[in-house]
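I have placed the structure first, in the form of structure tokens, so that the comments after it can refer back to it.
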Amino acid sequence: MESVFRFELQAVCKETGARAGILHTAHGGVETPVFMPVGTQATVKGVLARDLIRDLDAKIVLANTYHLYLRPGQETIRALGGLHRFMAWPRAILTDSGGFQVFSLDSLRKVTEQGVLFRSHLNGDSHLFTPQSTIDIQKALGSDVMMVLDECLAYPVSHEAARVSMERTLRWAAAAYAHYRERYSDGLRACFPIVQGSMFPDLRRRCAEELLKLDADGYAIGGLSVGEPRALSLEMTEITARLLPLDRPRYTMGVGMPEELPEYVARGIDMMDCVLPSRNARNGYLFTSAGRVIIKQAQYKDDPRPVDQACDCYCCRNFSRAYMRHLFQAGEIAFATLGTLHNLTRYLGIMREMRRAILDGAFPAYLRARRAAAQVETQA
RNA sequence: GGACAGGUGGGUGAGUGGUUAAAGCCAACAGACUGUAAAUCUGUCACUCCUUGCGAGUUACGAAGGUUCGAAUCCUUCCCUGUCCA
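See below:
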């Protein structure tokens with residue numbers, strides 16, 4: 022029986038290795054390269070699932086195992102028909118394992134060989150997350166793409182500490198994958214292991230090579246955007262991506278700024294996610310084709326122009342910068358909605374441009390143009 | 001007319017003799033944010049000067065005087081605000 026989940030590679034840029042494809046899931050196809058909006062708590066903060074579908078036409082979003090396990094609990098979600106039904110999102114969902122919370126909640130957890138012992142950030146209760154339990158939780162949620170539990174390290178760390186951690190992440194990945202194969206590998210969903218190794222090429226290489234033995238549905242590159250210089254994130258991605266199988270999707274976790282997206286795609290990455298478009302929107306930082314707009318700045322007080330004159334999102338079609346600034350200053354909820362809608366439009370628009378360029382064999386020219394534009398913005 | 005209570009930096013509001021150019025909050029201004037403990041967080045917020053320093057000077061707690069080494073803080077008078085009584 023052919024698996025519902027599969028990655029269809031449609032085009033590869035000869036010059037850069039950038040790829041265009043379709044990730045077929047039980048909840049629809051996902052054209053790649055893709056940016057996945059982050060919806061940690063079963064909602065992309067600020068926007069409705071309806072907006073994500075009608076306005077943004079997003080095909081896949083993220084949700085988070087740790088957060089949904091703590092509240093409302095995966096059994097509650099399962100009883101209500103699963104995560105897709107729960108959040109009225111009929112399209113694909115990728116769930117992160119909680120590995121990022123090892124990094125972001127570092128003061129509330131303890132890593133052991135067995136797994137990660139978290140003290141709940143909500144009430145202090147202890148919860149042990151194991152490679153197997155995080156897969157069980159993600160299955161209960163009904164995730165289309167499950168992630169194995171990994172240890173996301175902060176930067177910088179010593180080579181030795183990174184090696185010890187990476188080896189443990191490898192053992193966890195093997196355990197999680199065995200569990201997944203045994204119980205849930207029904208072709209309706211996928212499971213991705215995560216390459217770690219901090220900023221050490223030899224560790225990245227070893228980790229990737231070991232994970233290849235799992236013959237996984239796809240591969241993620243984790244442990245980036247944890248405080249390292251941007252060039253290092255790209256370098257680690259490049260080193261790692263080269264080792265990954267051509268016929269499997271590649272996912273760089275937690276990146277990046279809009280001008281960085283083409284750089285990842287140029288290194289053969291198919292999937293990305295980041296909280297920047299949604300979080301920064303709520304904090305008044307809007308991404309535009311002409312650079313950033315920090316909407317609270319006094320210069321926008323009477324500015325009648327849309328946030329981005331080259332954007333046709335609902336926000337830019339209807340509202341001025343002056344209005345957006347007013348909403349932000351007044352603390353109005355509508356600002357978060359409009360700003361997030363705009364920022365995600367920008368991100369998804371960039372991804373669509375890139376996909377088209379790759380399919381048209383025009384990606385190298387696209388990349389050069391984007392790099393030139395980014396150069397100009399940096400100097401401005 | 002009388003009795004109380006008050007008048008503090010853009011707003012609010014602490015401070016009731018010295019470590020106070022004056023807490024906190026708000027507003028304003030600027031910055032950060034990268035598999036979301038975030039509609040969050042940080043910085044600036046009287047003026048002038050320089051050798052930019054836990055630097056120097058000036059002005060400032062209704063007004064004007066006074067006491068004191070030293071006053072937003074104590075005293076006197078005046079002005080204003082609120083409440084109550086005539």
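The first sequence begins at 22 in our numbering and counts up by one. We put the beta carbon where it would ideally sit given N, CA and C, even for glycine.
Query raised in the report: Among the residues of its own chain, which have a CB less than 7 Å from the CB of V296, if the five just before and after it don't count?
Result: Residue numbering aside, residue 296 sits at position 275 when the first sequence is read from its first letter. These residues qualify, in order along the chain: V59.
Query raised in the report: Excluding the five sequence neighbours on either side, which residues of its own chain have a C-beta within less than 8 Å of the C-beta of D403, listed in chain order?
Result: Residue 403 falls outside the range modelled here, since the chain spans only 22 to 401, and no answer is possible.
Query raised in the report: Any idea what DSSP makes of P58, helix, strand or coil?
Result: Position 37 of the first sequence holds residue 58. In the structure shown, P58 sits in a strand (DSSP, three-state: E or B).
Query raised in the report: Going by DSSP, what residues sit across from S147 in a beta bridge?
Result: As a working note, residue 147 is residue 126 in the first sequence. Beta-bridge pairing links S147 to R140.
Query - Rounded straight-line distance, which links the Cα of L138 to that of L126 - result: As a position in the first sequence, residue 126 is number 105, starting the count at 1. As a position in the first sequence, residue 138 is number 117, starting the count at 1. When rounded, the distance between both Cα atoms is 11 Å.
Query - Whether F107 touches I98 by CB criterion (8 Å) - result: Within the first sequence, the letter at position 86 stands for residue 107. Within the first sequence, the letter at position 77 stands for residue 98. Result yes, Cβ atoms of F107 and I98 sit closer than 8 Å.
Requested in this report: Mind the definition here: the stretch 288-295 touches the stretch 306-319 only if three or more C-beta pairs lie below 8 Å; say whether that holds.
Outcome: Not touching, per the Cβ criterion.
Query - Identity of the residue in L174, D207 and L170 nearest A196 by Cα - result: Sequence index remark: in the first sequence, residue 196 carries index 175 (1-based). The candidate whose alpha carbon is nearest that of A196 is L170.
Query - Of the residues Q350, A351 and G360, the one placed nearest F340, counting alpha carbons only - result: Within the first sequence, the letter at position 319 stands for residue 340. Answer by Cα proximity: G360.
**Report entry** Rounded Cβ spacing between G243 and C173 (contact assumed at less than 8 Å)
**Finding:** If you number the first sequence from 1, residue 243 lands on position 222. If you number the first sequence from 1, residue 173 lands on position 152. In this structure G243 is in contact with C173, their Cβ atoms being roughly 6 Å apart against a cut-off of 8 Å.
Query raised in the report: Three-state secondary structure (DSSP) at I43?
Result: Within the first sequence, residue 43 is the residue found at index 22, counting from 1. DSSP places I43 in strand when its eight states are reduced to three.
Requested in this report: Output the distance between the C-alpha atoms of L77 and E181, rounded to the nearest integer angstrom.
Outcome: The residue labelled residue 77 in the question sits at position 56 within the first sequence. The residue labelled residue 181 in the question sits at position 160 within the first sequence. Looking at the two C-alpha atoms, the distance is approximately 44 Å.
Query raised in the report: Between which two residues does the beta strand (DSSP E) carrying M292 extend?
Result: Mapped onto the first sequence, residue 292 falls at position 271. Annotation for M292: the continuous beta strand (DSSP E) segment containing it runs M292 to C295.
Query raised in the report: On the three-state DSSP scale, how would you describe M187?
Result: Start at 1 with the first residue of the first sequence, and residue 187 comes out as number 166. M187: helix per DSSP, three-state reduction.
Requested in this report: Determine, using beta carbons only, whether I43 and V51 come nearer to each other than 8 Å.
Outcome: For the purposes of this step, residue 43 is taken as residue 22 along the first sequence, with counting starting at 1. For the purposes of this step, residue 51 is taken as residue 30 along the first sequence, with counting starting at 1. Contact flag set, yes.
Query raised in the report: Can you tell which of F213, A262, Y344 and L209 has its C-alpha closest to the C-alpha of A199?
Result: Position 178 of the first sequence, counted from the start, is the residue given in the question as residue 199. For A199, the nearest C-alpha among the options comes from F213.
Report task. Sort out for me which residues DSSP pairs C212 with in a bridge. Result -> Here residue 212 refers to the residue found at position 191 of the first sequence. DSSP output for C212 lists M167 as bridge partner(s).
Query raised in the report: Can you tell me whether S411 is buried or exposed, with buried defined as 16 or more other CB within 10 angstroms of its CB?
Result: The requested residue 411 does not occur in the structure, where the chain is confined to residues 22 to 401.
Requested in this report: Starting from Q159, follow the alpha helix (DSSP H) in both directions and report where the run begins and ends.
Outcome: Your numbering for residue 159 matches position 138 in the first sequence. Q159 -> alpha helix (DSSP H) spans P152 to L162.
Report task. Tell me, please, whether the stretch 243-254 touches the stretch 199-210 by the rule of three or more beta-carbon pairs shorter than 8 Å. Result -> The stretch 243-254, when compared against the stretch 199-210, does not touch it at the 8 Å Cβ threshold.
Query raised in the report: Is E284 buried or exposed, if buried means 16 or more other CB atoms sit within 10 Å of its CB?
Result: Counting from 1 along the first sequence, the entry for residue 284 is found at position 263. By the Cβ neighbour-count rule, E284 is buried, with 16 or more other Cβ atoms within 10 Å of its own.
Query raised in the report: Just reading off the alpha helix (DSSP H) that E284 is part of, what are its end residues?
Result: Along the first sequence, read from residue 1 onward, the residue named residue 284 stands at position 263. Where E284 is concerned, the enclosing alpha helix (DSSP H) starts and stops at L282 to A287.
Query raised in the report: Any idea which residues DSSP pairs D117 with across the strands?
Result: Position 96 of the first sequence, counted from the start, is the residue given in the question as residue 117. DSSP, once it has assigned bridges, lists N85 as partnering D117.
Query raised in the report: If you draw a straight line from the alpha carbon of R346 to that of T358, how long is it in whole angstroms?
Result: Sequence index remark: in the first sequence, residue 346 carries index 325 (1-based). Sequence index remark: in the first sequence, residue 358 carries index 337 (1-based). When the Cα atoms are used, R346 and T358 turn out to be separated by approximately 13 Å.
Query - Local Cβ density within 10 Å of D146, reported as buried at 16 or more and exposed below that - result: Here residue 146 corresponds to residue number 125 of the first sequence, with the count starting at 1. Exposed, by the Cβ-count rule.
Report task. Locate the beta strand (DSSP E) running through I242, then write down its first and last residues. Result -> Your numbering for residue 242 matches position 221 in the first sequence. Run containing I242: Y240 to I242, per the beta strand (DSSP E) assignment.
**Report entry** Sub-8 Å separation of G239 and P270 beta-carbons
**Finding:** Counted from its first residue, the first sequence places residue 239 at position 218. Counted from its first residue, the first sequence places residue 270 at position 249. Less than 8 Å divides the Cβ of G239 from the Cβ of P270.
Query raised in the report: Rounded to a whole number of angstroms, what is the C-alpha to C-alpha distance between L191 and M375?
Result: On the first sequence, residue 191 is found 170 positions in, with the first residue counted as 1. On the first sequence, residue 375 is found 354 positions in, with the first residue counted as 1. Roughly 33 Å between the two C-alpha positions.
**Report entry** Contact check, I379 vs A41, beta carbons under 8 Å
**Finding:** Translated into positions along the first sequence, residue 379 becomes position 358. Translated into positions along the first sequence, residue 41 becomes position 20. Contact annotation: I379 and A41 have beta-carbon atoms nearer than 8 Å.
Requested in this report: Please state if the CB of V397 and the CB of S363 are separated by a distance shorter than 8 Å.
Outcome: Position 342 of the first sequence, counted from the start, is the residue given in the question as residue 363. Position 376 of the first sequence, counted from the start, is the residue given in the question as residue 397. Here the sequence assigns His to residue 363, which means Ser is not the residue at that position. In this structure, V397 does not lie closer than 8 Å to H363 by Cβ.
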